[in-house]
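Numbering (full-length UniProt numbering), first residue to last: 1 to 130. We put the beta carbon where it would ideally sit given N, CA and C, even for glycine. A quick note: this is a predicted structure, and the numbers were derived from the prediction, not measured. Here the structure is laid out as structure tokens; the discussion comes afterwards.
Here you go:
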């Protein structure tokens with residue numbers, strides 16, 4: 001399993017699970033009253049929509065990452081380049097999540113997304129090369 005994109009794929013799944021947990025915690029004051037401030041407000045009100053938006057993003061472009069990885073696995077193409085690109089993608093998704101959730105820096109978010117975008121395009125290019 002060390003020489004396959006399964007680990008990076010699992011890491012992305014773990015990131016999604018972490019985002020679901022974060023979203024649940026961020027919504028807890030509003031939904032269950034857990035963690036409300038003394039005035040009844042939600043201390044995570046500013047983060048909740050950012051976490052939700054980021055979680056939605058995990059099911060857009062990353063879909064092409066997972067499909068490419070599965071197809072590469074089926075072809076037996078699991079060399080260092082594939083594994084490296086898969087980890088670049090995952091690292092980029094983690095950075096993208098951090099930037100989107102904790103900052104309003106759209107320029108930086110776009111730059112980080114470009115890394116993810118190019119890693120997935122490269123995986124697809126490897127699929128299409130003879």
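Along the chain, where does the alpha helix (DSSP H) that runs through residue i open and close?
i, result
"residue 75", "62-75"
"residue 100", "80-102"
"residue 19", "6-31"
"residue 52", "47-57"
Just mark residue i as buried or exposed, buried being the case when its beta carbon has 16 or more other beta carbons within 10 Å.
i, result
"residue 35", "exposed"
"residue 89", "buried"
May I ask you to report which of helix, strand or coil DSSP gives residue i?
i, result
"residue 40", "coil"
"residue 105", "coil"
"residue 35", "coil"
"residue 123", "helix"
So does the region 112-126 actually touch the region 52-72, counting three or more Cβ pairs closer than 8 Å? Counting Cβ pairs under 8 Å, three or more are found: they touch.
Three or more C-beta pairs closer than 8 Å, one from the region 78-85 and one from the region 3-10: is that the case here? Yes: the two stretches touch, three or more of their Cβ pairs being nearer than 8 Å.
Do the region 89-101 and the region 8-15 make contact, defined as three or more Cβ pairs closer than 8 Å? The region 89-101 makes contact with the region 8-15; the number of CB pairs closer than 8 Å reaches 3 or more.
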